[in-house]
Amino acid sequence: MRVGEVVRLKLHDLDNERFVVHIRQGKGRKERLTLLSRSAYEMICIYLEKESPHTWLFPGVDRDRPITERSIQRVFDRARDVAGIRKPATIHTLRHSFATHLLEGGTDLRYIQELLGHENIKTTQIYTHVSVKDARRVMSPLDRIFPSSGNIINTDSSHEG
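For the sequence shown, position 33 matches number 32 in numbering that gives the first Met the number 0, and the numbering has no gaps at all.
Here's what the structure looks like:
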């Protein structure tokens, strides 16, 4: 989800029977459904029990208004720092990571397009480039078993042994 979509979530936007989130005010005022993981839902239940919000899932200081995007970004920055993550990351990095993991897990690009709310498939295809770039860093299992020394294997059978 985009951070602007997260701040506008209302309690009734969570569907714990189908494990989806109904995004009603997405980019371009479009509506869509996206995934609600069971583990995220469990964390939300703990949060709901503790905070007891009434309308907005994440109310602001004025409980009749949602939290601001900037407040969520500050919470993310603090959590990143506490976790000791040194790589630059933003809330939007989570959205990219979600899409990339779905793609690498074999999810069809068109389904990812729907989940992310991209109007144009070309926007979603950006994640294929990220995924290919990361795939180049993956080491073949054969290279783990037989690490290359850079030398050509000696096939001369004239040696004694």
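Backbone N, C-alpha and C define an ideal beta-carbon position, used for all residues, glycine too.
Note the first and the last residue of the continuous alpha helix (DSSP H) segment covering residue i.
| i | result |
| --- | --- |
| Ile-71 | 68–81 |
| His-21 | No alpha helix (DSSP H) holds His-21; the beta strand (DSSP E) holding it covers 19–22. |
| Thr-99 | 90–103 |
| Asp-107 | First-last for Asp-107: undefined, no H or E at that position. |
| Pro-87 | Unbroken run through Pro-87: none, as it is neither H nor E. |
| Gly-116 | Taken as a continuous stretch (DSSP letters only), Gly-116 belongs to no alpha helix (DSSP H), as it is neither H nor E. |
| Leu-141 | 140–144 |
Check whether the Cβ atoms of residue i and residue j lie closer than 8 Å to each other.
| i | j | result |
| --- | --- | --- |
| Thr-92 | Ile-111 | no |
| Leu-10 | Thr-54 | yes |
| Thr-127 | Leu-101 | no |
| Ile-84 | Val-5 | no |
| Arg-28 | Gly-116 | no |
| Thr-33 | Leu-141 | no |
| Leu-8 | Leu-56 | yes |
| Val-2 | Leu-13 | no |
| Met-0 | Arg-79 | no |
Using alpha carbons as the reference points, say which of the options lies closest to residue i.
| i | options | result |
| --- | --- | --- |
| Asp-76 | Val-5, Thr-89, Asn-15 | Thr-89 |
| Asn-15 | Pro-52, Ser-36, Arg-7, Arg-28 | Ser-36 |
| Ala-39 | Arg-23, Phe-18, Lys-26 | Phe-18 |
| Lys-26 | Ile-144, Arg-143, Glu-118, Phe-145 | Glu-118 |
Tell me the DSSP bridge mates of residue i?
| i | result |
| --- | --- |
| Leu-13 | Val-20 |
| Thr-33 | Val-20 |
| Pro-52 | Looking at the DSSP assignment, Pro-52 forms no beta bridge with any residue, so it has no partner. |
| Pro-65 | Pro-58 |
On the premise that residue j lies in contact with residue i, defined as a C-beta separation below 8 Å, what is that separation, rounded to the nearest angstrom?
| i | j | result |
| --- | --- | --- |
| Pro-172 | Gly-59 | Missing from the structure shown is residue 172; the chain here goes from 0 to 160 and no further. |
| Leu-108 | Ile-120 | 7 Å |
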